[in-house]
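Visitor: The structure follows.
Set out below in structure tokens:
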């Protein structure tokens, strides 16, 4: 199981080698960290939801357009996270923050890494 970085920041170990997706992953780390630092801020939660929605839309399209064989399961993992995120109430609890951090780290390293070099139509 991958280790949650402390401080919670993207580093080269999370690189999927698609520049746009790597930049979005950096933004996801930033958005979760912002919510962690501002647990009662509705703007921080709304920002996280917006960053997640945009990233999942782009990543799903890249996988679909490339005919990635793991697309369906990957898309379902995204939908599950979005559903749980939509239920988060403020102020965000330690459990919520830990869940979001853990999910992102494990999703990138265990799930996203499976599409490395397989998204032929994406650069």
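Numbering (UniProt numbering), first residue to last: 1 to 123. All C-beta atoms in this analysis are idealised placements derived from N, C-alpha and C, irrespective of residue type, glycine included.
Answer yes or no: do residue 34 and residue 8 have a C-beta to C-beta separation smaller than 7 Å?
Guide: For the purposes of this step, residue 34 is taken as the residue at position 34 of the chain shown. For the purposes of this step, residue 8 is taken as the residue at position 8 of the chain shown. No; because the gap between Cβ atoms is not below 7 Å, this pair is not in contact.
Visitor: Using a 10 Å radius around the Cβ and a threshold of 16 neighbouring Cβ atoms, would you call residue 96 buried or exposed?
Guide: Within the chain shown, numbered from 1, the residue matching residue 96 stands at position 96. Buried, since its Cβ has 16 or more Cβ neighbours within 10 Å.
Visitor: Please name the residue, chosen from 69, 45, 77, that lies closest to residue 57 on a Cα-to-Cα basis.
Guide: Translated into the one-based positions of the chain shown, residue 57 becomes position 57. Residue 57 has its Cα closest to that of 77, out of 69, 45, 77.
Visitor: Sorted by chain position, which residues of the same chain lie with C-beta nearer than 6 Å to residue 36's C-beta, five sequence neighbours on each side aside?
Guide: Start at 1 with the first residue of the chain shown, and residue 36 comes out as number 36. Closer than 6 Å at the Cβ level, and outside the excluded window around residue 36, lie 97.
Visitor: For residue 47, which residues from the same chain have a beta carbon less than 6 Å from its beta carbon, with the 5 sequence-adjacent residues on both sides left out?
Guide: Numbered from 1 along the chain shown, position 47 holds the residue referred to as residue 47. So the qualifying residues of the chain are 31.
Visitor: Run the CB neighbour count on residue 17, radius 10 Å, all protein chains shown included, and call it buried at 16 or more, exposed below.
Guide: In the chain shown, residue 17 corresponds to position 17, counting from 1. Residue 17 should be labelled exposed.
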